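Note that our numbering has the sequence shown beginning at 9, numbered continuously upward.
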Amino acid sequence: MKNIYKSAFKGAAVGIGLLASSVMPSTVSAGEIEYYTFPSIYGGTIDTKQWQGKPYLVVNTASLCGFTKQYTGLQELYDKYREAGFGMVAVPSDDFNQELATDAEVKNFCELNYDINMPMTETMSVKGQKAHPFFKAVKAQSGFAPTWNFSKILIGSDGEVIGSWGPITKPLSGKITVLIEGELSKSN
9 MKNIYKSAFK GAAVGIGLLA SSVMPSTVSA GEIEYYTFPS IYGGTIDTKQ
59 WQGKPYLVVN TASLCGFTKQ YTGLQELYDK YREAGFGMVA VPSDDFNQEL
109 ATDAEVKNFC ELNYDINMPM TETMSVKGQK AHPFFKAVKA QSGFAPTWNF
159 SKILIGSDGE VIGSWGPITK PLSGKITVLI EGELSKSN
């Protein structure tokens, strides 16, 4: 009986976290985010400085999540705006216990199932003390931290956090695309 209550509580806590992350303010201005590098799942590094003066979206991802199908929308979003200078970083994370065991498995899963070619990091932490410095900076400056997989952070052309959304908000949502288009029009 104890395990039933524990499972029910855990499910309720996840539901509350998803609700809270989906109603976070969609625009936040809290100072410039520095440039960060991430180890790439393809080898080498991803340097956010390459998008200086352009907007970019950072999304924590997981292969075994109910929101994993958002990879399709993320790739479509990246394809739609990358020629104009828009950047994206997918950050696989096992912080919510829904990622595959190795980076090779993650890479193969994404390529085979979703034909992903957007920049993707190695698997890393996105919350708490072990979080990548980018996520720590976003939390310190805007108060936003991923509460579940497929949380999204949009950095504007001026280097500020201009939007953050939980997993309920789909990648091609007008809430996101209107901000991207506005930022691209400023930077072109």
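Heads up, the beta-carbon is just placed ideally off N, CA and C, and yes, glycines get one too.
In this text, all values refer to a predicted model and were calculated from it rather than measured experimentally.
Point to revise | Residues near Gly95 by beta carbon distance below 8 Å, same chain, minus five either side | key: Counting only Cβ-Cβ distances below 8 Å, and skipping sequence neighbours, we find Thr56, Gln58, Trp59, Lys62, Pro63, Tyr64, Leu65 and Pro127.
Check your understanding: Residue ranges of each beta strand (DSSP E) run of no fewer than 3 residues wholly in the stretch 97 to 144, ordered along the chain?
Key -> none
Point to revise | Candidates Glu84, Thr45, Ser48 and Ser172: closest to Leu180 by CA position | key: Glu84
**Study point:** Nearest-angstrom Cα separation, counted from Ile170 out to Asp102
**Key:** 26 Å
Review point. Given Pro47, which residues of its chain have a CB within under 7 Å of its CB, disregarding the five upstream and five downstream residues?
Key: Cβ within range, chain order: Thr53, Thr129 and Glu130.
Review point. Ser193: buried (16+ other C-beta within 10 angstroms of its C-beta) or exposed?
Key: exposed
Practice item. Grab the span of the alpha helix (DSSP H) containing Asp87 for me, first residue to last. Key: Gln78 to Tyr89
**Study point:** Beta-carbon contacts of Ala92 that lie in its chain and below 7 Å, excluding the five residues immediately before and after
**Key:** Leu192 and Asn196
Review point. Do the CB positions of Tyr6 and Phe142 come within less than 7 Å of each other?
Key: Residue 6 lies beyond the range of the chain shown here (9 to 196); nothing can be said about it.
Exercise for review: Could you check what DSSP says for Lys194 in three-state terms: helix, strand or coil?
Suggested key: helix
Review point. Given that a residue counts as buried once 16 or more other Cβ atoms are within 10 Å of its Cβ, and exposed if not, what is Thr177?
Key: buried
Review point. Roughly how many angstroms separate the alpha carbons of Trp105 and Leu187, rounded to a whole number?
Key: In the sequence on display, residue 105 carries Asn and not Trp. Going from the Cα of Asn105 to the Cα of Leu187 covers about 31 Å.
Review point. So is Ala145 in contact with chain D if we call contact Cβ pairs under 7 Å?
Key: In summary, chain D is missing from the structure at hand, where a single protein chain is found.
Point to revise | According to DSSP, residues forming a beta bridge with Gly95 | key: Tyr64
Exercise for review: Check Gly171 in the structure and name its three-state DSSP category.
Suggested key: strand
Practice item. Return the Cβ separation of Val99 and Asn121 in integer angstroms, given the expectation that the two are a contact with Cβ distance under 8 Å. Key: Contact doesn't hold; Cβ gap of about 18 Å is too wide.
Check your understanding: Taking buried to mean at least 16 other C-beta atoms within 10 Å of its own C-beta, is Thr155 buried or exposed?
Key -> Buried is the call here.
Check your understanding: Is Glu42 helix, strand or coil when you go by DSSP?
Key -> coil
Review point. Who are the near neighbours of Gly145 in its chain, counting only those whose CB is closer than 8 Å to its CB and skipping five residues on each side?
Key: Residue identity differs from the one stated: residue 145 is Ala in this sequence, not Gly. Here the set comprises Ile41, Glu42 and Tyr44.
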